[in-house]
Amino acid sequence: AQSVAQPEDQVNVAEGNPLTVKCTYSVSGNPYLFWYVQYPNRGLQFLLKYITGDNLVKGSYGFEAEFNKSQTSFHLKKPSALVSDSALYFCAVRDPTGGYSTLTFGKGTMLLVSP
Amino acid sequence: DAGITQSPRHKVTETGTPVTLRCHQTENHRYMYWYRQDPGHGLRLIHYSYGVKDTDKGEVSDGYSVSRSKTEDFLLTLESATSSQTSVYFCAISQRGVTTDTQYFGPGTRLTVL
Chain A
80 AQSVAQPEDQ
90 VNVAEGNPLT
100 VKCTYSVSGN
110 PYLFWYVQYP
120 NRGLQFLLKY
130 ITGDNLVKGS
140 YGFEAEFNKS
150 QTSFHLKKPS
160 ALVSDSALYF
170 CAVRDPTGGY
180 STLTFGKGTM
190 LLVSP
Chain B
68 DAGITQSPRH
78 KVTETGTPVT
88 LRCHQTENHR
98 YMYWYRQDPG
108 HGLRLIHYSY
118 GVKDTDKGEV
128 SDGYSVSRSK
138 TEDFLLTLES
148 ATSSQTSVYF
158 CAISQRGVTT
168 DTQYFGPGTR
178 LTVL
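Chains as they are written, first to last, in this note's numbering: chain A, 80 to 194; chain B, 68 to 181.
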């Protein structure tokens with residue numbers, strides 16, 4: 080079974096500082112990993128995904144994520160946070176082994192960026 | 068929101084009544100999904116469809132049924148709504164359904180069951 084954990088319910092950071100939103104996963108094979116962002120009263124927007132290759136994945140709005148197989152992590156990062164980055168962030172995983180499988184989402188991490 | 072509309076966007080209903088939510092896409096994507104979002108649970112898959120008339124259950128399918136008679140429409144029915152089905156419901160689509168596929172989400176429907 081596949082699972083994903085987001086250990087922090089909320090992350091607080093000051094504008095201009097770097098931010099990290101943590102994600103760890105559990106799958107039986109090599110994972111496919113995704114990050115989504117949800118702004119208030121909106122649907123989820125795709126940020127980036129890791130399928131294979133370079134462990135550092137770049138995505139939308141200046142976000143990037145680092146895949147670390149030994150630590151089974153896929154943390155979301157941004158060098159300089161903006162107030163407008165305040166939103167709910169979801170990590171998701173898919174195990175590609177054994178045929179088609181659906182996405183499993185974490186519980187979400189609320190990011191609050193203060194001016 | 069990636070050519071996906073959901074209707075209604077908000078609905079209040081009473082326990083025991085049937086409710087149907089509609090997802091409509093203009094992308095001609097083969098795969099469509101219904102999720103529910105609840106605090107502390109993230110998103111959980113209810114049902115998904117891999118083609119017209121082809122559907123399968125997700126993690127939390129009890130009390131829900133789906134139908135897909137056309138590529139562009141995926142309906143979610145709560146046969147007899149209960150208060151535990153109060154939630155925000157999201158539809159998603161993906162082009163091929165292969166494991167590298169990205170899912171794109173609609174704007175959501177907020178359902179309150181009194």
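Where is the CB? At the ideal position from N, CA and C, for every residue including glycine.
- Take the alpha-carbon of SER165 (chain A) and the one of ARG121 (chain A): they are about 13 angstroms apart.
- Excluding the 5 residues flanking it on each side, TYR100 (chain B) has same chain C-beta neighbours closer than 6 angstroms at TYR115, ALA159, in chain order.
- DSSP, read as helix, strand or coil, puts ASP105 (chain B) in strand.
- For PHE153 (chain A), no CB of chain B lies under 8 angstroms from its own CB, so it is not counted at the interface with that chain.
- For ASN147 (chain A), the closest C-alpha among the options A:LEU161, A:SER159, A:TYR140, A:ILE130 is that of A:ILE130.
- Looking from the CA of GLY132 (chain A), the closest CA among A:CYS102, A:GLU145, A:ARG173 belongs to A:GLU145.
- By the Cβ neighbour-count rule, ASP168 (chain B) is buried, with 16 or more other Cβ atoms within 10 Å of its own.
- Checking the DSSP bridge columns, you'll see LEU181 (chain B) has no partner listed.
- By the beta-carbon neighbour count (other beta carbons within 10 angstroms, threshold 16), ASP88 (chain A) is exposed.
- Contact between LYS157 (chain A) and GLY141 (chain A) holds: their C-beta atoms lie close to 6 angstroms from each other, under 8 angstroms.
- Contact between THR87 (chain B) and THR144 (chain B) is confirmed by a C-beta separation of about 5 angstroms, below the 8 angstroms threshold.
- Using a Cβ distance threshold of 8 angstroms, THR93 (chain B) and GLU139 (chain B) count as a contacting pair.
- With respect to chain A, the C-beta atom of THR149 (chain B) has no partner C-beta closer than 8 angstroms.
- Of all residues in the segment 91-113 of chain A, only TYR111, PHE113 place a beta-carbon less than 8 angstroms from a beta-carbon of chain B.
- Judged by DSSP in its simplified three-state form, VAL116 (chain A) adopts strand.
- In the structure shown, the three-state DSSP call for VAL119 (chain B) is coil.
- By the Cβ rule, the segment 107-122 of chain A counts as touching the segment 165-174 of chain A, because three or more pairs are nearer than 8 angstroms.
- Judged by DSSP secondary structure, ASP174 (chain A) falls outside any beta strand (DSSP E); it is assigned neither H nor E.
- Against chain B, a Cβ distance below 7 angstroms from THR188 (chain A) picks out nothing, because the smallest value is about 10 angstroms.
- Using a Cβ-Cβ cut-off of 7 angstroms, LYS128 (chain A) is close to THR169 of chain B, given in chain order.
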